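**Q**
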Amino acid sequence: MRVPVPPEEEAEAEASMQSTRPFSVLTQMSAVPTHAPEAVATDTPASKRPKKEWQIPKLLFKCKDVTHPGAVIYFAHSNTAALLRDAVVGVLESLYTYDTVPNTQRSVTLVLRDMDGIAYTTSSDLDVDHKEIHVSLRYLSTLSPTIAASEILGVIRHEMVHCFQYNAHNTCPGGLIEGIADWVRLQAGFTPPHWRRGGKRWDDGYQNTAYFLEWLEQRFGKGIVARVNGLLGKGKYKVGMWEEVCSGCGVEALWEEYRKLYGIGGP
Ligand SMILES: [Zn+2]
1 MRVPVPPEEE AEAEASMQST RPFSVLTQMS AVPTHAPEAV ATDTPASKRP KKEWQIPKLL
61 FKCKDVTHPG AVIYFAHSNT AALLRDAVVG VLESLYTYDT VPNTQRSVTL VLRDMDGIAY
121 TTSSDLDVDH KEIHVSLRYL STLSPTIAAS EILGVIRHEM VHCFQYNAHN TCPGGLIEGI
181 ADWVRLQAGF TPPHWRRGGK RWDDGYQNTA YFLEWLEQRF GKGIVARVNG LLGKGKYKVG
241 MWEEVCSGCG VEALWEEYRK LYGIGGP
């Protein structure tokens, strides 16, 4: 999603694929479990065991112009409460377990307003535990009825990742941050019709990195991206972390294997 850099200091910059601006994502050294594991007798039938649930932050919504053509399209194709709740749960299920999920986000506000670009995520004026997802009404007004529902879900799922993902204290390559966000969107099935495998590098970002991450999970098993995100919550970014999660294989060699397999990018 190409959008201009928003004015807010911590706003995620998505104007370029290789943004150098910091991302407003989590920087904690360690995640705090939301739910302590509960003692469960092993002879208790699964159906009788207490059900764990993700802790959902307060979800809020603001539409700055309800008569805007983009707002009309949004309201015709969206159920805001379900959309936001499902986005939180989808992101947490993709990147965390009940025992690793950070319990720091207190609220997420979806703001629809007339602006350039598509969307961005930022922290509120209060503090970093209150996130705001801003989506452009102007962009929403361009959506055709056939893709509007999926595109709205996909854009918000992508942005919701930025509310919860780690960024290795702002040392994570921006392309990986964006790639993880689009990978979660890809897993959810909200894939825009124009998305294709491609890219010159593994960290080109967005769907290029997302498809590469998807392939890594096919090659090494589910949970690779969640483990990468976990390592990004433990300190600064290190290229060696890929070997840690990919059975000793380096990310550059894996990209070579991937691009040859699909005949994309490279020299
Ligand atoms: Zn993004």
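Okay, so the sequence shown: first residue is 1 according to UniProt numbering, each after it adds one. A virtual CB, placed ideally from N, CA and C, is assigned to each residue, including glycine. Note that the coordinates shown come from a computational prediction; the quantities given were computed from them, not determined experimentally.
For His162, verify whether its CB is less than 8 angstroms away from any heavy atom of ligand 1.
**A** yes
**Q** Where do the ends of the beta strand (DSSP E) carrying Val135 lie?
**A** His130 to Ser136
**Q** Can you check which of these residues, Asp204, Gln187, Lys62 and Val161, is closest to Ile264 by C-alpha distance?
**A** Comparing C-alpha distances from Ile264 to each of Asp204, Gln187, Lys62 and Val161 shows the shortest one belongs to Asp204.
**Q** Locate the beta strand (DSSP E) running through Arg185, then write down its first and last residues.
**A** Counting along the chain, Arg185 falls outside any beta strand (DSSP E), though it belongs to the alpha helix (DSSP H) covering Gly174 to Ala188.
**Q** Can you round the beta-carbon distance between Thr109 and Ser124 to whole angstroms, since I take them to be within the 8 angstroms contact cut?
**A** 7 angstroms
**Q** Can you find a heavy atom of ligand 1 that lies under 8 angstroms from the Cβ of Glu158?
**A** The displayed chain sequence assigns His, not Glu, to residue 158. For His158, the CB falls within less than 8 angstroms of some heavy atom of ligand 1.
**Q** Compare the beta carbon distance of Ser136 and Ile118 with 9 angstroms and say whether it is the shorter of the two.
**A** yes
**Q** Count the C-beta pairs between the segment 190-204 and the segment 150-163 that are closer than 8 angstroms, then say yes if the count reaches three, no if not.
**A** yes
**Q** Classify Arg196: buried if its beta carbon has 16 or more other beta carbons within 10 angstroms, exposed otherwise.
**A** exposed
**Q** Please report the straight-line C-alpha distance between Pro145 and Trp183, rounded to a whole angstrom.
**A** 24 angstroms
**Q** With DSSP as the reference, label Lys260 as helix, strand or coil.
**A** DSSP places Lys260 in helix when its eight states are reduced to three.
**Q** Keeping to the same chain, check which residues put their C-beta closer than 6 angstroms to that of Tyr139; ignore five residues upstream and five downstream.
**A** Answer for Tyr139: Ile118, listed in chain order.
**Q** Determine the direct distance from the alpha carbon of Lys236 to that of Asn170, and round the result to whole angstroms.
**A** When the Cα atoms are used, Asn170 and Lys236 turn out to be separated by approximately 8 angstroms.
**Q** From the DSSP output, in three-state form, read off Ser150 for me.
**A** helix
**Q** Take Lys64 and list the residues in its own chain whose beta-carbon comes closer than 6 angstroms to its own, dropping the five residues that flank it on each side.
**A** Arg113
**Q** So Thr122 is in the alpha helix (DSSP H); what residue range does that whole segment cover?
**A** From DSSP, Thr122 is part of no alpha helix (DSSP H) but of the beta strand (DSSP E) over Ala119 to Ser123.
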